[in-house]
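Participant: Using the numbering used here, the first residue of the sequence shown is number 58, and each one after it goes up by one.
Let me begin by handing over the structure; questions about it come next.
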Amino acid sequence: MTSKVTYLGGLRTEAQHLASQEIIITDAPKDNQGKGEAFSPTDLVATALASCMITIMGIKARDLGIDLTGTQAEITKIMGTEPRRISALQIQLTFNSSFDSKTQTLLERAALTCPVAHSLHPDIRQEVLFIWPS
Numbered sequence: 058m059t060s061k062v063t064y065l066g067g068l069r070t071e072a073q074h075l076a077s078q079e080i081i082i083t084d085a086p087k088d089n090q091g092k093g094e095a096f097s098p099t100d101l102v103a104t105a106l107a108s109c110m111i112t113i114m115g116i117k118a119r120d121l122g123i124d125l126t127g128t129q130a131e132i133t134k135i136m137g138t139e140p141r142r143i144s145a146l147q148i149q150l151t152f153n154s155s156f157d158s159k160t161q162t163l164l165e166r167a168a169l170t171c172p173v174a175h176s177l178h179p180d181i182r183q184e185v186l187f188i189w190p191s
């Protein structure tokens, strides 16, 4: 078992990662009858994609003997209606260091082929922008 989720009432859940005992609280977003005081479940999907991309790039960077510390992702989640669902995830990855074009291509390919990216339905547009320093 990976995690346990408990409904706390008021459209809020508590998710516990069983191996580490870490806790994440979720709230329904304001535009879906919630308080929006914490990540919504769909926010976590968007955040999982960005975290997975950075993690897989970190593995590739370690294999290449380079450091990506400080790399950041900004995520915009776009919701669709009928049915209510994520229609697009826009991710902007910003790097502190620049590398040769071959290395940048390897890192970008690693990000785009991360497990979460492969797990999302193809109808969810994944729009990824890589920003390298000049």
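No residue lacks a Cβ here, since even glycine has one placed at the ideal position from N, Cα and C.
The model shown is predicted, which means the values in this text are computed figures rather than measured ones.
(1) Which of the three DSSP states is assigned to residue 33 in this structure?
(2) Cα-Cα, which of 82, 144, 107 is closest to residue 178?
(3) Residue range of the alpha helix (DSSP H) that residue 175 falls in?
(4) Taking the DSSP output, what are the residues bridged to residue 66?
(5) Under the rule that 16 or more other beta-carbon atoms within 10 Å means buried, what is residue 61, buried or exposed?
(6) State the CB to CB distance for the pair residue 151 and residue 129, rounded to an integer number of angstroms; the pair is presumed to be in contact (CB under 8 Å).
(7) Between 116, 132, 169, which lies nearest to residue 103 when the distance is taken from Cα to Cα?
(8) Report all residues from its chain with a CB closer than 7 Å to the CB of residue 173; omit the five preceding and five following residues, and keep chain order.
(9) Kindly indicate which three-state DSSP category residue 180 falls into: helix, strand or coil?
(10) Give a yes or no on contact between the stretch 87-97 and the stretch 114-123, applying the rule of three or more CB pairs nearer than 8 Å.
(11) Taking residue 139 as part of the alpha helix (DSSP H), name the residues at either end of that continuous run.
(12) When the Cα atoms are used, what is the spatial distance from residue 157 to residue 134?
Facilitator: This is what the structure holds:
(1) What is shown of the chain runs 58 to 191, which leaves residue 33 out entirely.
(2) 144
(3) 172-176
(4) 69
(5) exposed
(6) 5 Å
(7) 132
(8) 105, 106, 109
(9) coil
(10) no
(11) From DSSP, residue 139 is part of no alpha helix (DSSP H); its letter is neither H nor E.
(12) 31 Å
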